[in-house]
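Written out below as structure tokens is the structure these notes cover.
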Amino acid sequence: MRDMPASDLSALLLAWYDRNARVMPWRVPPEQKMAGVRPDPYRVWLSEVMLQQTTVAAVRAYFLRFTERWPTVADLAAAEDAEVMGEWAGLGYYARARNLLACARAVVRDHGGVFPATREGLLGLPGIGPYTAAAIAAIAHDEAAVVVDGNVERVMARLWRVEAPLPGAKAELTRLAGLLTPEDRPGDHAQAVMDLGATICTPRNPACGICPWRGACRAEAEGVQASLPRKAAKAAKPVREGVLWIARRADGAWLVERRAERGLLGGMLGFAGSGWDGGGGDAPLSLPWQEIGEVRHTFTHFHLVLRVLVGRAGMEAVPERGMFLPGDAFRPADLPTVMRKAHDLAKGALSPP
DNA sequence: CATGCGTGGTT
DNA sequence: TAACCAAGCAT
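The letter at position 211 of the first sequence is residue 211 when you use the UniProt record's numbering, and the numbering goes up by one with no holes.
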């Protein structure tokens, strides 16, 4: 059992997957697959990009809204930037949304509206890296690509008891994942390892008692599974501070600005702010601003505290930054979360005149 | 190869 | 509750 051939391990896993595969909107159910139905590369791609560093629970609703609104890659490619950024609002890592659009347009412009079918061809597209290219090639086209995400890293580290810490151990874990990748059903294999990692071989308290690889797992044999994979310690998050100015005009329009394409919250709608390094900054408009409170929000690598100031502007007001967006065109759901929090705080003080 | 880049759920 | 974590990519 301990030194079972890779093909046997793969067979055990696929048998487990056939009984335990999670149902998701972007997956083709087993019975349809048996009947020859292939996954739509557009839907596979969209789901994989949304799932980058993001939970299945968070993605589900976004995926359904996107596919309802833009059923094909051509539909998405024809969308306005602001529509897509607004629909992505709240999902995070907004560079994904910008790359999503760039990728859709590249597929239409350079590939006749058809996604490249190979890992190699997919790798050249915006927002598609080693993981996503392999996942699409395997799931949508049954290419025996080696799919390595955080789940696979964890499962391999435990199965083979790899003690070396990430990210250094990545190459070795990829090699081990490759040994296990079958020529037959590589897409199901990839999804099976990820389902195993998400439901049984979980980070904290793995359910080794019901694992299809029980008896073959070297970490479990030694009782060290919960401590693998090892990871380098992360740096503490500093606290940054800033000011946010939220103005509303007499007709109900909100003063907003489109953030720069690159960097934090790039391309998203927001309110005018100072820099976020404690330094000052100028208000976007000369008004009798009133401070109403603060918003706290934590990003990937820092905590942010924003003092929120509100002001009422007359119809003649001409802002130095940003623009007044009519009340009926302003949708809080289009805002990234920190801006939505600020809006929640400010809306009471700025209720329509 | 290290860093920047969101968010919400779990422990 | 602060820390950790999730189907990574671009630079």
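Just so it is clear, CB atoms sit at the ideal spot from N, CA and C, and this is done for glycine as well.
For W254, which residues in the same chain have their Cβ closer than 6 Å to its Cβ, ignoring the five residues on either side in sequence?
R248, L325 and F330
On the criterion of 16 or more Cβ atoms from any shown chain inside 10 Å, does P336 qualify as buried, or is it exposed?
buried
What number of angstroms, rounded off, separates the C-alpha of residue 372 from the C-alpha of N20?
Lying before the first or after the last residue shown, residue 372 is absent from the chain, which here runs from 1 to 353.
Going by the DSSP bridge assignment, what does G293 pair with across the sheet?
V308
Comparing C-alpha positions only, which one of A144, F66, K341 and S351 sits nearest to residue 400?
Residue 400 is absent from the model: the chain starts at 1 and stops at 353.
Going along the chain, which unbroken runs of the alpha helix (DSSP H) with 4 or more residues stay wholly within the UniProt domain "HhH-GPD" (50-199)?
56-69, 73-77, 81-88, 95-111, 119-123, 130-141, 150-159, 170-180 and 186-199
Starting from R240, follow its DSSP beta bridges and name the residues at the other end.
L304
Rounded to a whole number of angstroms, what is the C-alpha to C-alpha distance between L76 and A104?
7 Å
Just verifying my parser: in three-state terms, what is the DSSP assignment at A272?
strand
What does the Cβ neighbour count give for residue 360, buried or exposed, with the cut at 16 atoms within 10 Å?
Past the edges of the chain, shown from 1 to 353, lies residue 360, and the structure says nothing about it.
For the candidate residues G124, D334 and I210, whose alpha-carbon lies nearest to that of residue 354?
Because the chain is modelled from 1 through 353, residue 354 falls outside the range shown and cannot be assessed.
Here's a check: name, in chain order, each residue in its chain whose Cβ is nearer than 7 Å to the Cβ of W88, leaving out the five neighbours to either side.
Y94 and A97
Segment contact, 8 Å Cβ cut-off, at least three pairs: the stretch 129-145 with the stretch 36-45:
yes
On the CB-based measure, 16 or more other CB atoms within 10 Å of its CB, does P288 come out buried or exposed?
exposed
Quick one: what does DSSP say K347 is sitting in, helix, strand or coil?
coil
Figure out for me which residue from D282, A145, G90 and F299 has the closest Cα to the Cα of R321.
D282
Can you tell me whether I128 is buried or exposed, with buried defined as 16 or more other CB within 10 angstroms of its CB?
buried
Just the C-alpha distance for M268 and R259, rounded to the nearest angstrom, thanks.
5 Å
State the DSSP-derived secondary structure class of A342, mapped to helix, strand or coil.
helix
May I ask you to report which of helix, strand or coil DSSP gives M323?
strand
For L122 versus A106, is the C-beta spacing smaller than 8 Å?
no
Excluding sequence positions up to five away, which residues of its chain have a Cβ less than 6 Å from the Cβ of V310?
I246, Q290, I292, A346, A349 and L350
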